[in-house]
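Peer 1: Numbering (the numbering used here), first residue to last: 4 to 156.
Can you keep this structure in mind? I'll have questions shortly.
Next up, the structure:
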């Protein structure tokens with residue numbers, strides 16, 4: 004099973020392979036890479052989650068802020084998110100719990116257990132999420148309005 008650092012090394016290698024210096028998009032405080040695919044900003048990191056037996060599972064996680072939740076969000080808005088989520092293979096649409104009005108965003112979210120995750124699949128995860136996020140941020144903003152994604156380091 005790869006370690007979290009090995010997964011981050013795969014992410015770093017991918018970033019280098021597309022001609023970007025990984026040092027320019029690494030945030031040491033958040034232990035995350037921040038890269039763009041078109042208009043979508045991706046946050047890529049590995050997180051560890053405890054199991055009931057005391058062990059833990061590591062996950063590659065990729066987030067992209069798509070749009071601010073409209074102040075007038077209603078059942079139609081949330082239904083549309085569910086419909087889009089059903090069509091977005093491998094990507095789910097999420098909102099953060101306990102978000103404040105100024106930080107209430109719809110996110111495209113991708114998570115993959117790192118067990119068995121190799122370089123090629125890491126690349127596929129990032130590339131797929133980039134394509135979906137770049138498409139979905141435009142789609143949602145066209146349908147519901149909204150400005151640029153949330154500020155992230």
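Every residue gets a Cβ at the ideal spot worked out from N, C-alpha and C, and that includes glycine.
If you're wondering where the values come from, they're calculated on a predicted model, not measured in any experiment.
Indicate the three-state DSSP secondary structure (helix, strand or coil) for residue 73 in the structure shown.
Peer 2: Sequence index remark: in the chain shown, residue 73 carries index 70 (1-based). In this structure, residue 73 counts as coil in the three-state DSSP scheme.
Peer 1: Confirm, please, whether the CB-CB distance from residue 112 to residue 10 is below 8 angstroms.
Peer 2: Reading the chain shown from its first residue, position 7 is the one you call residue 10. Reading the chain shown from its first residue, position 109 is the one you call residue 112. Taking 8 angstroms as the Cβ cut-off, residue 10 and residue 112 do not qualify as a contacting pair.
Peer 1: What span of residues does the alpha helix (DSSP H) with residue 7 cover, start to end?
Peer 2: One-based indexing of the chain shown puts residue 7 at position 4. 7 to 20 is the span of the alpha helix (DSSP H), which, as asked, contains residue 7.
Peer 1: My understanding is that residue 44 touches residue 36, with C-beta atoms under 8 angstroms, so please give their C-beta distance in whole angstroms.
Peer 2: In the chain shown, the residue the question calls residue 44 occupies position 41. In the chain shown, the residue the question calls residue 36 occupies position 33. That pair is no contact at about 11 angstroms.
Peer 1: Can you find at least 3 beta carbon pairs, one from the segment 121 to 137 and one from the segment 95 to 107, that sit closer than 8 angstroms?
Peer 2: In short, these stretches do not touch, since the Cβ pair count stays below three.
Peer 1: Give the C-beta separation of residue 110 and residue 69 to the nearest angstrom, bearing in mind that I take them to be a contact with Cβ-Cβ under 8 angstroms.
Peer 2: Within the chain shown, numbered from 1, the residue matching residue 110 stands at position 107. Within the chain shown, numbered from 1, the residue matching residue 69 stands at position 66. Correct: roughly 6 angstroms between the Cβ atoms.
Peer 1: Between which two residues does the beta strand (DSSP E) carrying residue 26 extend?
Peer 2: By one-based count along the chain shown, residue 26 stands at place 23. First-last for residue 26: undefined, no H or E at that position.
Peer 1: For residue 108 and residue 55, I'd like the C-alpha separation in whole angstroms.
Peer 2: Reading the chain shown from its first residue, position 105 is the one you call residue 108. Reading the chain shown from its first residue, position 52 is the one you call residue 55. Their backbone Cα atoms lie some 31 angstroms apart in a straight line.
Peer 1: How many angstroms separate the CA atom of residue 58 from the CA atom of residue 46?
Peer 2: What you label residue 58 is simply residue 55 of the chain shown in a count that begins at 1. What you label residue 46 is simply residue 43 of the chain shown in a count that begins at 1. Approximately 26 angstroms, taken between the alpha carbons.
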